[in-house]
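Here the structure comes first, spelled out in structure tokens, and everything after it is commentary.
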Amino acid sequence: MPSFPDQVAVITGGAGGLGYALGVHLARLGVRVALLDIDAGKAVAKAATLPSNALGVGADVTDHDACARAVAEITTRCGRIDIWVNAAGITGKTALKSHEVDLADFDRVMAINVRSCLVTTRLVLPVMLKQNYGRVLHVASIAGKEGNAGMVAYSTSKAAVIGLTKAQGKEYADTGITVNAIAPAVILTEMHDTMPQSQIDYMTSKIPMGRCGTRQEFAEMATFIVSPACSFTTGFTFDLSGGRATY
Ligand SMILES: NC(=O)c1ccc[n+]([C@@H]2O[C@H](COP(=O)([O-])OP(=O)(O)OC[C@H]3O[C@@H](n4cnc5c(N)ncnc54)[C@H](O)[C@@H]3O)[C@@H](O)[C@H]2O)c1
Numbered sequence: 133m134p135s136f137p138d139q140v141a142v143i144t145g146g147a148g149g150l151g152y153a154l155g156v157h158l159a160r161l162g163v164r165v166a167l168l169d170i171d172a173g174k175a176v177a178k179a180a181t182l183p184s185n186a187l188g189v190g191a192d193v194t195d196h197d198a199c200a201r202a203v204a205e206i207t208t209r210c211g212r213i214d215i216w217v218n219a220a221g222i223t224g225k226t227a228l229k230s231h232e233v234d235l236a237d238f239d240r241v242m243a244i245n246v247r248s249c250l251v252t253t254r255l256v257l258p259v260m261l262k263q264n265y266g267r268v269l270h271v272a273s274i275a276g277k278e279g280n281a282g283m284v285a286y287s288t289s290k291a292a293v294i295g296l297t298k299a300q301g302k303e304y305a306d307t308g309i310t311v312n313a314i315a316p317a318v319i320l321t322e323m324h325d326t327m328p329q330s331q332i333d334y335m336t337s338k339i340p341m342g343r344c345g346t347r348q349e350f351a352e353m354a355t356f357i358v359s360p361a362c363s364f365t366t367g368f369t370f371d372l373s374g375g376r377a378t379y
């Protein structure tokens with residue numbers, strides 16, 4: 133069982149399916165968790181269900197100043213930030229071929245899924261550098277490794293997250309800070325509510341285990357990645373795809 137002595141974790145998209153599942157898991161292990169989400173009311177309500185004095189914070193991860201205020205508030209209230217997980221994300225429009233893509237939608241997906249990872253880490257890495265310790269986890273996707281037809285914006289954004297992770301891992305490798313990513317296949321959450329069933333069926337059919345992943349499986353792997361025990365791996369994208377990707 134990983135141990136997190138007196139640690140503080142921030143999870144963006146923390147009111148959503150995967151972010152909240154990880155928040156529950158970490159809080160049960162004694163981590164003080166801040167759920168950060170664009171839906172402030174939901175973040176506060178969900179944080180109230182967690183043990184270990186959790187907090188809910190409203191911020192849009194595409195808004196640099198809002199994220200700066202959130203980092204300042206959390207460091208003031210909690211004294212430190214050991215773990216930062218970027219789980220805020222959207223699929224954008226799906227079941228479209230590239231010639232049908234709405235460019236404004238593409239830009240929005242890139243801003244929420246990719247640019248946010250840089251915005252938030254620019255703010256939190258200085259906090260971690262002062263501590264000589266940190267764990268950053270970006271939630272990528274199997275779509276970034278394999279490319280999902282019909283999801284060019286999402287696949288492009290998640291491939292970019294994997295590239296950003298590789299670069300950041302190397303930049304901070306000698307500091308006590310690790311930066312990794314995780315690439316899940318389908319784990320049913322609210323994210324799929326607006327996605328055509330044909331797109332969900334296409335993604336699920338590609339999983340050799342013949343099933344979707346679970347929130348618990350995500351939380352277990354993510355918890356290890358952000359734990360002190362995961363100390364000799366950085367810049368890496370952990371696979372969580374039921375055998376779809378074996379690299
Ligand atoms: N569920 C899956 O099958 C799956 C698979 C691979 C990767 N992922 C990735 O995992 C992450 C979490 O996905 P999920 O399934 O929990 O989705 P979800 O829709 O349940 O949760 C996403 C959360 O992000 C928040 N959010 C959206 N835009 C935001 C913004 N601009 N600022 C702050 N918060 C914002 C939403 O309010 C929501 O609470 C996403 O990055 C997603 O791309 C999910």
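The working numbering applies: residue 133 is where the sequence shown begins, and numbers increase by one. Just so it is clear, CB atoms sit at the ideal spot from N, CA and C, and this is done for glycine as well.
- My guess is that Thr-355 and Leu-158 are in contact by the Cβ rule of under 8 angstroms, so how many angstroms apart are they, rounded? Indeed, because the Cβ distance is near 6 angstroms, the residues count as touching under 8 angstroms.
- Query: Between which two residues does the alpha helix (DSSP H) harbouring Gly-295 extend?
  - Reply: Element bounds for Gly-295: 284 to 303.
- Message: Using a Cβ-Cβ cutoff of less than 6 angstroms, which residues in the same chain neighbour Gln-331 once the five nearest sequence positions on both sides are dropped?
- Response: Hits under 6 angstroms: Thr-226, Ala-227 and Gly-282.
- Among residues of its own chain, excluding the 5 on either side of Asp-371, which ones have a beta-carbon nearer than 6 angstroms to its beta-carbon? Within the same chain, Ala-315 and Ala-377 come within 6 angstroms of Asp-371 by CB-CB distance, once the 5 residues on both sides are set aside.
- Task: Would you grab the beta carbon distance between Phe-368 and Asn-312 for me? Rounded to a whole angstrom, and I think it's under 8 angstroms.
- Result: That belief holds up - the Cβ atoms of Phe-368 and Asn-312 are roughly 5 angstroms apart, short of 8 angstroms.
- Query: To the nearest angstrom, how far is it from the Cα of Leu-261 to the Cα of Tyr-304?
  - Reply: Those two C-alpha atoms are separated by around 9 angstroms.
- Between which two residues does the beta strand (DSSP E) carrying Gly-266 extend? For Gly-266, the enclosing beta strand (DSSP E) has its first and last residue at 266 to 271.
- How many whole angstroms separate the CB atoms of Leu-168 and Ala-191, which I take to be in contact at a CB cut-off of 8 angstroms? The beta-carbon separation of Leu-168 and Ala-191, rounded to 5 angstroms, stays under the 8 angstroms limit for a contact.
- Message: Three Cβ pairs or more, each shorter than 8 angstroms: is that satisfied between the segment 194 to 204 and the segment 171 to 186?
- Response: Cβ pair count under 8 angstroms is below three, so no.
- Query: In whole angstroms, what is the alpha-carbon distance linking Ala-153 and Val-284?
  - Reply: Looking at the two C-alpha atoms, the distance is approximately 27 angstroms.
- Task: Can you give me the Cβ contacts of Lys-290 inside the same chain, cut-off strictly under 6 angstroms, excluding the 5 residues immediately before and after it?
- Result: Closer than 6 angstroms at Cβ, skipping near neighbours: Ala-272, Ser-273, Ala-275 and Gly-276.
- Message: Can you look up Thr-355 in the DSSP assignment and give me helix, strand or coil?
- Response: Three-state result, Thr-355: helix.
- Between Val-271 and ligand 1, is the CB less than 7 angstroms from at least one heavy atom? Val-271 Cβ: within cutoff of ligand 1.
- Near Val-176, which residues of its chain fall below 7 angstroms by C-beta distance, leaving aside the five closest residues on each side in sequence? Excluding sequence neighbours, Val-176 sits near Gly-188.
- Can you name the start and end residues of the beta strand (DSSP E) that Val-165 belongs to? In the DSSP assignment, Val-165 falls within the beta strand (DSSP E) that extends over 164 to 169.
- Message: With a threshold of 8 angstroms on Cβ separation, who are the neighbours of Thr-194 within its own chain once the five nearest residues in sequence on each side are excluded?
- Response: Ala-243, Ile-244, Arg-247, Ser-248 and Val-251.
- Of all the options Met-353, Asn-264 and Arg-343, which has the alpha carbon lying nearest to the alpha carbon of Thr-307? Nearest C-alpha to Thr-307: Asn-264.
- Message: Within 10 Å of its beta-carbon, does Asn-280 have 16 or more other beta-carbons around it, so buried, or fewer, so exposed?
- Response: Classification of Asn-280: buried, given that the 10 Å Cβ count is 16 or more.
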